[in-house]
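This report concerns only the one structure given below.
Numbering (our numbering), first residue to last: 29 to 181.
Take a look at the structure:
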């Protein structure tokens, strides 16, 4: 059985962005749907759970005040330097600077020097929030597993 896919409309609702934003990010190669990409008028995109996680991280960075071009640069770096689960990493944000923390290693994503208060965006927290949104919208956990409901006695 293949991985559960999420339509563009569902993906936008789950992530908390507009469909127009999602469409723009796909057309500009920020996050392309990995299960099925649009191939013309009337075709449907299908986003994987990993795609949704990346979209939610991007939204979180934008909400933290990072400019879209910097988010693109940070995500290019993240994809090149983090194998597997991005939720195991942390992004450290200082003004417009973004650092990637993997284990005990800290990488300057923007390759600039910066000072100021550092804010850490724990990607595991983004993942938990995403899982909750999927469960609320679809009534099932990521991967299509039904949510267990307790019987009321």
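The beta-carbon is built from N, C-alpha and C at its ideal position, and this holds for glycine as well. In this text, all values refer to a predicted model and were calculated from it rather than measured experimentally.
Okay, do the segment 119-128 and the segment 152-167 touch, 3+ Cβ pairs below 8 Å being the bar? no
Residue range of the unbroken alpha helix (DSSP H) whose run includes residue 42: Your numbering for residue 42 matches position 14 in the chain shown. The continuous alpha helix (DSSP H) containing residue 42 extends over residues 36-43.
What residues are listed by DSSP as bridge partners for residue 118? Stepping through the chain shown from its first residue, residue 118 is reached at position 90. Answer by DSSP bridge pairing, in chain order: 129, 150.
Using 10 angstroms around the beta-carbon of residue 73, count the other beta-carbons present and answer buried if the total reaches 16, otherwise exposed. Position 45 of the chain shown, counted from the first residue, corresponds to residue 73. Looking at its Cβ environment, which holds 16 or more other Cβ atoms inside 10 Å, residue 73 is buried.
Could you tell me the distance, in whole angstroms, from the CA atom of residue 95 to the CA atom of residue 149? For the purposes of this step, residue 95 is taken as the residue at position 67 of the chain shown. For the purposes of this step, residue 149 is taken as the residue at position 121 of the chain shown. When rounded, the distance between both Cα atoms is 16 Å.
Bridge partner(s) assigned by DSSP for residue 169: The count along the chain shown starts at 1 and reaches residue 169 at position 141. In DSSP, residue 169 forms no bridge with anything.
Among the residues of its own chain, which have a CB less than 8 Å from the CB of residue 105, if the five just before and after it don't count? Here residue 105 refers to the residue found at position 77 of the chain shown. Beyond the five residues adjoining it in sequence on each side, residue 105 comes within less than 8 Å, by CB distance, of 128, 135, 137 in the same chain, given in chain order.
Taking 6 Å as the limit between beta carbons, can you name the residues of its chain near residue 92, skipping five residues before and five after? As a first step, residue 92 must be located in the chain shown, where it is residue number 64. Cβ neighbours of residue 92 beyond the five flanking positions: 121.
Could you give the residue range of the alpha helix (DSSP H) that holds residue 79? Walking along the chain shown from the start, residue 79 turns up at place 51. Where residue 79 is concerned, the enclosing alpha helix (DSSP H) stretches over 77-91.
Short of 8 Å in beta carbon distance, which residues of its chain neighbour residue 37, apart from the five on each side in sequence? Order them along the chain. Working through the chain shown from its first residue, we reach residue 37 at position 9. Excluding five sequence positions before and after residue 37, the CB atoms of its chain that fall closer than 8 Å to its own CB belong to 47, given in chain order.
Output needed for residue 86: all residues of its chain with C-beta closer than 8 Å, excluding positions within five of it in sequence on either side, in chain order. To locate residue 86, count along the chain shown from 1; it is residue 58. These residues qualify, in order along the chain: 53, 58, 59, 99, 103.
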